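**Student:** Residue numbers (the numbering used here), protein chains in the order written: chain P, 1 to 257; chain H, 258 to 514.
For each residue, glycine too, the CB sits at the ideal point set by N, CA and C.
Since this is a predicted model, take the numbers as computed values, not measurements.
The structure follows.
There are 2 protein chains.
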Amino acid sequence: MKPLILVTNDDGIVAPGIRVLVEEMKQLGEVVVVAPDSPQSAKGHAITLMSPIRLNKVDVFDGVESYECSGTPADCVKIAKSVILADRKIDLCVSGINHGSNASVNIIYSGTMSAAMEASLEGIHSIGYSLEDFDYDADFSPCRPIVRQISAWILENGMKNTKLLNVNFPKTEGGPYKGIKVCKQSEGYWSEKYHIAEDPRGEKYYWLTGEFINQDNDSNTDKVALSNGYVSVVPSHHDLTQYKALDGELDDLTQLI
Amino acid sequence: MKPLILVTNDDGIVAPGIRVLVEEMKQLGEVVVVAPDSPQSAKGHAITLMSPIRLNKVDVFDGVESYECSGTPADCVKIAKSVILADRKIDLCVSGINHGSNASVNIIYSGTMSAAMEASLEGIHSIGYSLEDFDYDADFSPCRPIVRQISAWILENGMKNTKLLNVNFPKTEGGPYKGIKVCKQSEGYWSEKYHIAEDPRGEKYYWLTGEFINQDNDSNTDKVALSNGYVSVVPSHHDLTQYKALDGELDDLTQLI
Numbered sequence: 001m002k003p004l005i006l007v008t009n010d011d012g013i014v015a016p017g018i019r020v021l022v023e024e025m026k027q028l029g030e031v032v033v034v035a036p037d038s039p040q041s042a043k044g045h046a047i048t049l050m051s052p053i054r055l056n057k058v059d060v061f062d063g064v065e066s067y068e069c070s071g072t073p074a075d076c077v078k079i080a081k082s083v084i085l086a087d088r089k090i091d092l093c094v095s096g097i098n099h100g101s102n103a104s105v106n107i108i109y110s111g112t113m114s115a116a117m118e119a120s121l122e123g124i125h126s127i128g129y130s131l132e133d134f135d136y137d138a139d140f141s142p143c144r145p146i147v148r149q150i151s152a153w154i155l156e157n158g159m160k161n162t163k164l165l166n167v168n169f170p171k172t173e174g175g176p177y178k179g180i181k182v183c184k185q186s187e188g189y190w191s192e193k194y195h196i197a198e199d200p201r202g203e204k205y206y207w208l209t210g211e212f213i214n215q216d217n218d219s220n221t222d223k224v225a226l227s228n229g230y231v232s233v234v235p236s237h238h239d240l241t242q243y244k245a246l247d248g249e250l251d252d253l254t255q256l257i
Numbered sequence: 258m259k260p261l262i263l264v265t266n267d268d269g270i271v272a273p274g275i276r277v278l279v280e281e282m283k284q285l286g287e288v289v290v291v292a293p294d295s296p297q298s299a300k301g302h303a304i305t306l307m308s309p310i311r312l313n314k315v316d317v318f319d320g321v322e323s324y325e326c327s328g329t330p331a332d333c334v335k336i337a338k339s340v341i342l343a344d345r346k347i348d349l350c351v352s353g354i355n356h357g358s359n360a361s362v363n364i365i366y367s368g369t370m371s372a373a374m375e376a377s378l379e380g381i382h383s384i385g386y387s388l389e390d391f392d393y394d395a396d397f398s399p400c401r402p403i404v405r406q407i408s409a410w411i412l413e414n415g416m417k418n419t420k421l422l423n424v425n426f427p428k429t430e431g432g433p434y435k436g437i438k439v440c441k442q443s444e445g446y447w448s449e450k451y452h453i454a455e456d457p458r459g460e461k462y463y464w465l466t467g468e469f470i471n472q473d474n475d476s477n478t479d480k481v482a483l484s485n486g487y488v489s490v491v492p493s494h495h496d497l498t499q500y501k502a503l504d505g506e507l508d509d510l511t512q513l514i
């Protein structure tokens with residue numbers, strides 16, 4: 001039986017990146033698409049609790065069962081698993097291909113990675129794919145064979161100590177990738193700058209921009225891999241415990257009561 | 258000089274929980290409040306990139322410099338740091354007190370914790386406080402002295418291997434807390450159920466509900482601490498790398514190119 005592959009993203013169901021992903025996944029199994037009906041970049045792991053969401057069957061990918069959903073990327077995975085595919089086993093969830101990198105700390109802001117993480121939380125092997133190019137017309141063609149091969153390998157071999165991969169492709173100017181690095185998330189943050197101006201009614205507004213600051217000197221990071229022309233693969237998870245701080249440094253707190 | 262304490266939340270600037278937090282923090286230092294102008298629960302680490310946000314100075318906490326912001330909790334921290342307090346050093350960021358638990362995997366969905374994490378990302382010591390009670394009229398009075406004492410301890414001693422604490426209070430029926438446990442995030446997930454119905458126009462809608470499934474048998478988790486009547490303190494961070502999977506299990510992937 002062909003494996004069942006759930007495809008989603010955060011750029012919305014009509015983004016070029018998800019079309020590439022659907023075309024490649026069709027070669028590996030039966031594909032079902034559940035993706036946002038509008039762009040949902042930087043929505044993090046938001047879910048919709050205080051209002052209902054909508055789901056419409058659409059015909060955008062030739063012969064592929066597809067739904068647009070009014071919710072966030074994480075909502076798309078939840079409704080796919082619990083409603084659309086409630087009585088079936090999802091063998092793999094892939095999210096993307098994102099227009100823009102989700103390396104380093106971008107994973108926590110990313111709707112693409114949050115969708116993949118949501119699936120992994122419930123035990124589904126999941127991969128988020130992102131290309132280091134925000135353009136709508138980004139060239140995804142060099143990613144195609146690698147996306148297909150990584151996905152095929154995971155379908156074949158599974159994963160043991162992780163259920164979630166954060167895969168990023170560097171922007172290459174036509175050249176081939178140098179290789180694939182399995183590495184860690186680079187330490188860094190966005191130093192924000194606000195564009196401050198007045199709207200047509202004279203009211204002040206603030207518009208977020210920023211610059212990524214890399215703080216990691218380790219050579220085995222996703223940022224280093226990408227800057228050297230490699231595809232980065234970071235095994236990831238949702239346990240945010242900082243275990244290093246469980247060794248006694250906070251023990252005084254337990255004496256407060 | 259009095260320490261500078263940034264207070265935020267995700268339930269919105271008029272929620273009772275943030276009022277308690279402001280009142281307690283006023284006893285420890287100079288307080289500046291930047292909080293969402295509307296409820297932002299379950300917004301995860303969403304940030305606002307594609308539209309401008311607004312900021313209004315408001316007078317809701319007697320004598321405390323306060324701003325309501327149209328963005329997400331993470332936006333509130335970014336704009337506080339980069340615009341309102343751009344030329345000052347923030348000594349502590351506290352977020353909450355959240356109406357509802359952020360123990361276990363709730364940390365990834367939580368606007369409260371994402372705000373605190375956003376501050377920690379930029380090197381600010383941060384604490385998210387949450388009470389295991391979703392009620393608007395939740396009784397925060399038992400939390401007050403503990404919130405004050407934990408915050409005072411962090412201001413006094415700092416943290417070494419973490420910059421972020423996820424503190425949760427159990428709902429006690431008037432009784433005292435059993436104590437404070439420093440522990441790890443419990444492994445678990447939300448098994449979603451959708452309420453499916455028709456709107457007044459006959460269109461189908463889906464409304465998310467769910468049940469938390471604990472999958473952790475470890476005794477040293479936040480869920481266990483809370484269920485035994487203890488306050489849980491989980492040192493947390495934003496490195497989502499699953500290091501256990503860097504030991505070779507994915508090495509075949511590097512052979513694909």
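(1) Hey, lysine 480 (chain H) and serine 443 (chain H): beta-carbon distance below 7 Å or not?
(2) Determine the direct distance from the alpha carbon of leucine 28 (chain P) to that of alanine 152 (chain P), and round the result to whole angstroms.
(3) Going by the CB atoms, is the gap between glutamate 322 (chain H) and valine 289 (chain H) shorter than 7 Å?
(4) Does the ligand ATP have a heavy atom nearer than 6 Å to the CB of lysine 193 (chain P)?
(5) Contact criterion: CB-CB distance below 7 Å. Does leucine 131 (chain P) meet it with respect to chain C?
(6) Compare the C-alpha of tyrosine 129 (chain P) against each of P:Asn228, P:Thr254, P:Asp218, P:Asp11 and name the closest.
(7) What distance in whole Å lies between the Cβ atoms of aspartate 473 (chain H) and glycine 445 (chain H), which are believed to be in contact at a cut-off of 8 Å?
(8) Can you tell me the Cα-Cα spacing of leucine 6 (chain P) and arginine 148 (chain P), whole angstroms?
(9) Does any C-beta atom of chain H lie closer than 7 Å to the C-beta of threonine 112 (chain P)?
(10) Considering only residues of the same chain and omitting the five flanking positions on each side of serine 120 (chain P), which have a CB-CB separation below 6 Å?
(11) Is the stretch 234-242 of chain P touching the stretch 485-498 of chain H, taking contact as three or more C-beta pairs under 8 Å?
(12) Could you work out which residues of chain P lie near valine 340 (chain H), taking near to mean beta carbons separated by less than 8 Å?
(13) Could you tell me which whole beta strand (DSSP E) segments of length 3 or greater appear in the stretch 174-227 of chain P?
(14) Starting from glutamate 24 (chain P), trace the alpha helix (DSSP H) both ways and give me its first and last residue.
(15) So which residues on chain H does serine 41 (chain P) lean against when the C-beta distance must stay under 8 Å?
(16) To which residues of the same chain is isoleucine 310 (chain H) closer than 8 Å at the C-beta, ignoring the five residues directly before and after it?
(17) Inspect the beta-carbon positions of histidine 232 (chain H) and threonine 466 (chain H) and report whether they are closer than 7 Å.
(18) Report the CB separation of alanine 373 (chain H) from cysteine 400 (chain H) in whole angstroms; it is logged as a contact under 8 Å.
(19) Using a C-beta to C-beta distance shorter than 9 Å, which residues of chain H count as neighbours of aspartate 252 (chain P)?
(20) Restricting to Cα atoms, I'd like to know which of H:Leu261, H:His356, H:Tyr463, H:Met416 is closest to threonine 48 (chain P).
(21) Which residues mark the beginning and the end of the beta strand (DSSP E) in which tyrosine 230 (chain P) is found?
(22) Since proline 235 (chain P) meets chain H, which of its residues come closer than 9 Å, beta carbon to beta carbon?
**Tutor:** On the basis of the coordinates in this document:
(1) yes
(2) 7 Å
(3) yes
(4) The ligand ATP is not among the ligands present in this structure, which contains no ligands whatsoever.
(5) No chain C appears in the structure shown, which is made up of the protein chains P and H.
(6) P:Asp11
(7) 6 Å
(8) 14 Å
(9) no
(10) Ser126, Lys163, Leu164
(11) yes
(12) Tyr194, Ile196, Tyr206
(13) 179-182, 188-198, 204-214
(14) 16-25
(15) Leu306, Met307
(16) Cys326, Ser327, Gly328, Asp332, Ile336
(17) In the structure as shown, chain H starts at 258 and stops at 514, and residue 232 (chain H) therefore has no counterpart that could be examined.
(18) In fact, because the Cβ distance is near 16 Å, the residues do not count as touching under 8 Å.
(19) Trp410, Asn414
(20) H:Tyr463
(21) 230-236
(22) Thr498, Gln499, Tyr500, Lys501, Ala502, Leu503, Glu506, Leu507
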